[in-house]
Amino acid sequence: MAATDVTSVSEIDELRSQKNIFQKFAELFRKQPLGAVGFAVVIAMIIMAIFANIISPYDPELNDFAAMLVAPGADYWLGTDQFGRDILSRLVYGARTALFVGFAASFVGASCGLVLGVMSAYFGGTFDLIFQRVMDVFMSFPLIIMALAIVSIFGPSTQNVIIAITIPFIPRCARVVRSNALAIREIPYVDAARALGFGHARIILRHMAPNVMAPFLIMLTSFVGQAILTEASLSYLGLGVQEPTPAWGLMLQGGAEEYIESEPWIAIFPGVAISMAVFGFNLFGDSVRDVLDPRLRTQ
Amino acid sequence: MSAVAGSTAAPGAAGQMDFLQVSNLKMYFPVTEGILIQRKVAEVKAVDDISFAMHKGETLGLVGESGCGKTTTGRCILQLEKVTSGQILYDGKDVSKLNKADLSQYRQKVQVIFQDPFSSLNPRMKIGEILAEPMRVHGIIPDARKRDERVMELLNICGLSTRFADRYPHEMSGGQRQRVGIARALSVNPEFIVCDEAVSALDVSIQAQVINLLEDLRDEFGLTYLFISHDLSVVRHICHRVAVMYLGNMVELASCDELFDNPIHPYTRALLDAVPIPDPTVEAARQHKIVTGEIPSPMNPPPGCVFHPRCELAVDSCKQAAPEFREIKPGHWVACTEV
Chain A
1 MAATDVTSVS
11 EIDELRSQKN
21 IFQKFAELFR
31 KQPLGAVGFA
41 VVIAMIIMAI
51 FANIISPYDP
61 ELNDFAAMLV
71 APGADYWLGT
81 DQFGRDILSR
91 LVYGARTALF
101 VGFAASFVGA
111 SCGLVLGVMS
121 AYFGGTFDLI
131 FQRVMDVFMS
141 FPLIIMALAI
151 VSIFGPSTQN
161 VIIAITIPFI
171 PRCARVVRSN
181 ALAIREIPYV
191 DAARALGFGH
201 ARIILRHMAP
211 NVMAPFLIML
221 TSFVGQAILT
231 EASLSYLGLG
241 VQEPTPAWGL
251 MLQGGAEEYI
261 ESEPWIAIFP
271 GVAISMAVFG
281 FNLFGDSVRD
291 VLDPRLRTQ
Chain B
300 MSAVAGSTAA
310 PGAAGQMDFL
320 QVSNLKMYFP
330 VTEGILIQRK
340 VAEVKAVDDI
350 SFAMHKGETL
360 GLVGESGCGK
370 TTTGRCILQL
380 EKVTSGQILY
390 DGKDVSKLNK
400 ADLSQYRQKV
410 QVIFQDPFSS
420 LNPRMKIGEI
430 LAEPMRVHGI
440 IPDARKRDER
450 VMELLNICGL
460 STRFADRYPH
470 EMSGGQRQRV
480 GIARALSVNP
490 EFIVCDEAVS
500 ALDVSIQAQV
510 INLLEDLRDE
520 FGLTYLFISH
530 DLSVVRHICH
540 RVAVMYLGNM
550 VELASCDELF
560 DNPIHPYTRA
570 LLDAVPIPDP
580 TVEAARQHKI
590 VTGEIPSPMN
600 PPPGCVFHPR
610 CELAVDSCKQ
620 AAPEFREIKP
630 GHWVACTEV
């Protein structure tokens, strides 16, 4: 469009808004430096997880008894543990486990919570009352206790760890979503949707759920951090991912405790990895909200 | 217009020509207490026994101050509220007893335009999607390409550029959004539109444009409007007949000219008297009759005539029995015994 064709303010706005995606990213990072840090950590973790087999210098499950408890150095950048396994390789593969459990549990948990929370707010009345009391019961257990109970019922395995972390997430997300959805339900566009004769499912999923995305995304991303932490805790307690699968929580267990004074790198690096991951996801979560909310996007 | 005004559109009386008929409509909202076991402690009588009828193609204005039940009446007609008692007949059918398929049909025939253009559009949907969705859901235009054409047509009808189809509501002004709200209502080819304060949130120059649009649409598509407003000059401009509500009751109903030129009910008189005259000298010389006192709570309305505590004509009998809504002249109904 030639400049002379611009006839109205709205057209100028339109031209102005046509930035490419890289410019948008650059702008985002300028405005959200902390979010950018979180984003970098998350991306680093995802790359580590996807390309674990390329990045890691050794097989994470290979026991090299000639190189047990080697201090960080040229051959083993982050040292080896008491079984002669390379810590760097185990950290890289551990990211795969952590992300898989973290994403699966938080996505399923938050999504179920989103739908149930919006449903509860939309239908209201007795359904809402009973549903919320059931959620109260679930929420009265601390996350780790609930997860422990579920794992001890189903038995420890990666899949069961995901289920165990998902279930306590559902009421937490449902509660936050419901309180937002209650406000949404009173907004005229929901009445308009009802007046247009749309079905309950359409109103819940298409008109209400997308408008509680901000709390949903904050919950989702903070859940990833919590899920990684819970998975590490369960693994540390021996109820999560089982040896020899590389997982950060497992790396803190056993040998790490024994050798903490003489070979501290065994415990420090997985600890740092867990902290970084949780920190990164939380920072990332906050900035995701600002970006995906169209009312905040233009400002 | 005279045909409508002079008709015997009796409130509550059955007439063959009546398109929409509301009889003895009551809408009470319960006020509850308690967390686990809820008990009703009071009722807000938002609409308390009102009756009126409308003809096809007419515009009925519903006026009154905030909280008098205008919007609730509209929401009852739209079936957004479950009425406490009373009947709403649309084309002779009781709308509260419609089955799923008939309700879906009813939803297409009866549409709404909301007051606030900023909250009546889903902020997550593009304008094109907002307008296309009802046509897809009701299967009015199953073909996606034809639906897009119709979206463009609707935008044009409502005076918007087709470029807006790819915009989000937050990228538009209030007046533009209200036009989208009108286009959405038109997307299902309705016969009857409840305009709930449709122009109140817009500034005056935009108001005039939207009112003209509503008038043009009425003439073009033969629409019937229930025009809910508190702006008397707008009502006078667009409506054929006007009903005045006070505290959930209908106090007066007459043709537009009759009501404005010859108001009978003391509340209507006071209401019309409060409208400023756009001439400073006349306005300064004018004696205002201001209604004294506060509007009573709809949770505990006064017995008898609800207006009696503030009425200058009130006599003892007004405190005892609610006045009958009677036809004082042909087509002019009023709920007052003292006039």
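So the sequences go chain by chain: A and B. Going by our numbering, the first residue of the first sequence is number 1, and it counts up by one from there. Going by our numbering, the first residue of the second sequence is number 300, and it counts up by one from there. The beta-carbon is built from N, C-alpha and C at its ideal position, and this holds for glycine as well. Note that this is a predicted model, so its numbers are computed, not measured.
For residue i, the nearest candidate out of the options (CA to CA)
{"i": "residue 638(B)", "options": "567(B), 397(B), 595(B)", "result": "567(B)"}
{"i": "residue 629(B)", "options": "472(B), 604(B), 572(B), 554(B)", "result": "554(B)"}
{"i": "residue 340(B)", "options": "348(B), 327(B), 351(B), 537(B)", "result": "327(B)"}
{"i": "residue 355(B)", "options": "403(B), 606(B), 524(B)", "result": "524(B)"}
{"i": "residue 290(A)", "options": "27(A), 23(A), 22(A)", "result": "27(A)"}
{"i": "residue 541(B)", "options": "494(B), 360(B), 333(B)", "result": "360(B)"}
{"i": "residue 366(B)", "options": "600(B), 518(B), 574(B)", "result": "600(B)"}
{"i": "residue 92(A)", "options": "206(A), 274(A), 287(A)", "result": "274(A)"}
{"i": "residue 148(A)", "options": "236(A), 255(A), 268(A)", "result": "236(A)"}
{"i": "residue 384(B)", "options": "538(B), 344(B), 357(B), 508(B)", "result": "344(B)"}
{"i": "residue 453(B)", "options": "473(B), 438(B), 437(B), 429(B)", "result": "429(B)"}
{"i": "residue 604(B)", "options": "509(B), 572(B), 323(B), 634(B)", "result": "634(B)"}
{"i": "residue 575(B)", "options": "592(B), 532(B), 321(B)", "result": "532(B)"}
{"i": "residue 86(A)", "options": "50(A), 265(A), 279(A)", "result": "265(A)"}
{"i": "residue 214(A)", "options": "288(A), 56(A), 138(A)", "result": "288(A)"}
Where residue i falls: helix, strand or coil (DSSP)
{"i": "residue 544(B)", "result": "strand"}
{"i": "residue 62(A)", "result": "coil"}
{"i": "residue 566(B)", "result": "helix"}
{"i": "residue 551(B)", "result": "strand"}
{"i": "residue 12(A)", "result": "Confidence is the limiting factor: at residue 12(A) the pLDDT is only 48, short of 50, which leaves the residue's position unreliable, though a coordinate-based value still follows. Residue 12(A): helix per DSSP, three-state reduction."}
{"i": "residue 499(B)", "result": "coil"}
{"i": "residue 518(B)", "result": "helix"}
{"i": "residue 635(B)", "result": "coil"}
{"i": "residue 396(B)", "result": "helix"}
{"i": "residue 112(A)", "result": "helix"}
{"i": "residue 647(B)", "result": "Outside the displayed span of chain B (300 to 638) sits residue 647(B), for which this structure offers no information."}
{"i": "residue 491(B)", "result": "strand"}
{"i": "residue 589(B)", "result": "coil"}
{"i": "residue 560(B)", "result": "helix"}
{"i": "residue 86(A)", "result": "strand"}
{"i": "residue 80(A)", "result": "strand"}
{"i": "residue 180(A)", "result": "helix"}
Endpoints, the beta strand (DSSP E) within which residue i is located
{"i": "residue 527(B)", "result": "523-527"}
{"i": "residue 129(A)", "result": "Element bounds for residue 129(A): not the beta strand (DSSP E) but the alpha helix (DSSP H), 125-139."}
{"i": "residue 320(B)", "result": "317-332"}
{"i": "residue 389(B)", "result": "384-389"}
{"i": "residue 253(A)", "result": "From DSSP, residue 253(A) is part of no beta strand (DSSP E); its letter is neither H nor E."}
{"i": "residue 473(B)", "result": "Here residue 473(B) belongs to no beta strand (DSSP E); instead the alpha helix (DSSP H) covers 473-485."}
{"i": "residue 466(B)", "result": "It is not in any beta strand (DSSP E) - residue 466(B) carries neither H nor E in the DSSP assignment."}
{"i": "residue 347(B)", "result": "338-354"}
{"i": "residue 425(B)", "result": "Premise fails: residue 425(B) is in no beta strand (DSSP E) and is neither H nor E."}
{"i": "residue 611(B)", "result": "No beta strand (DSSP E) holds residue 611(B); DSSP gives it neither H nor E."}
{"i": "residue 206(A)", "result": "Unbroken run through residue 206(A): none, as it is neither H nor E."}
{"i": "residue 625(B)", "result": "625-628"}
Rounded Cβ spacing between residue i and residue j (contact assumed at less than 8 Å)
{"i": "residue 124(A)", "j": "residue 228(A)", "result": "No, residue 124(A) and residue 228(A) are not in contact; Cβ-Cβ is about 36 Å, not under 8 Å."}
{"i": "residue 487(B)", "j": "residue 407(B)", "result": "4 Å"}
{"i": "residue 88(A)", "j": "residue 78(A)", "result": "4 Å"}
{"i": "residue 222(A)", "j": "residue 282(A)", "result": "6 Å"}
{"i": "residue 389(B)", "j": "residue 409(B)", "result": "7 Å"}
{"i": "residue 504(B)", "j": "residue 528(B)", "result": "Contact flag wrong, Cβ pair sits at about 18 Å."}
{"i": "residue 386(A)", "j": "residue 240(A)", "result": "The question about residue 386(A) has no answer here: the residues shown for chain A are numbered 1 through 299."}
{"i": "residue 134(A)", "j": "residue 181(A)", "result": "At roughly 17 Å, the Cβ-Cβ gap does not stay under 8 Å, so residue 134(A) and residue 181(A) are not in contact."}
{"i": "residue 97(A)", "j": "residue 230(A)", "result": "13 Å between Cβ atoms; not a contact."}
{"i": "residue 224(A)", "j": "residue 120(A)", "result": "24 Å between Cβ atoms; not a contact."}
Under 8 Å by beta carbon: chain E residues contacting residue i
{"i": "residue 411(B)", "result": "In summary, chain E is missing from the structure at hand, where the protein chains are A and B."}
Boundaries (first-last residue) of the alpha helix (DSSP H) holding residue i
{"i": "residue 410(B)", "result": "Counting along the chain, residue 410(B) falls outside any alpha helix (DSSP H), though it belongs to the beta strand (DSSP E) covering 409-412."}
{"i": "residue 154(A)", "result": "143-154"}
{"i": "residue 445(B)", "result": "443-456"}
{"i": "residue 191(A)", "result": "188-195"}
{"i": "residue 536(B)", "result": "531-537"}
{"i": "residue 226(A)", "result": "213-236"}
Take every Cβ of the region 168-184 of chain A, pair it with every Cβ of the region 104-116 of chain A, and state whether three or more of those distances are shorter than 8 Å.
-> The region 168-184 of chain A vs the region 104-116 of chain A: in contact.
If we count Cβ pairs, one from each stretch, closer than 8 Å, do we get three or more for the region 557-576 of chain B versus the region 592-612 of chain B?
-> These segments touch.
Pairing CB atoms from the region 481-495 of chain B with CB atoms from the region 433-445 of chain B, are three or more of them under 8 Å?
-> These segments touch.
Cβ contact (3+ pairs, closer than 8 Å) linking the region 208-223 of chain A and the region 147-161 of chain A | Pairwise C-beta distances place the region 208-223 of chain A out of contact with the region 147-161 of chain A, as fewer than three of them are shorter than 8 Å.
Do the region 420-428 of chain B and the region 458-472 of chain B touch if we need at least three Cβ pairs shorter than 8 Å?
-> Two segments are said to touch when three or more pairs of C-beta atoms, one from each, lie closer than 8 Å; by this definition the region 420-428 of chain B touches the region 458-472 of chain B.
Does the region 471-479 of chain B touch the region 448-460 of chain B, meaning 3 or more C-beta pairs lie closer than 8 Å?
-> Enough Cβ pairs lie closer than 8 Å, so yes.
Pairing CB atoms from the region 544-562 of chain B with CB atoms from the region 502-517 of chain B, are three or more of them under 8 Å?
-> With a cut-off of 8 Å, the region 502-517 of chain B and the region 544-562 of chain B do not count as touching, because too few Cβ pairs lie within range.
Would you call the region 189-205 of chain A and the region 398-407 of chain B touching, i.e. three or more CB-CB distances under 8 Å?
-> Short answer: they touch.
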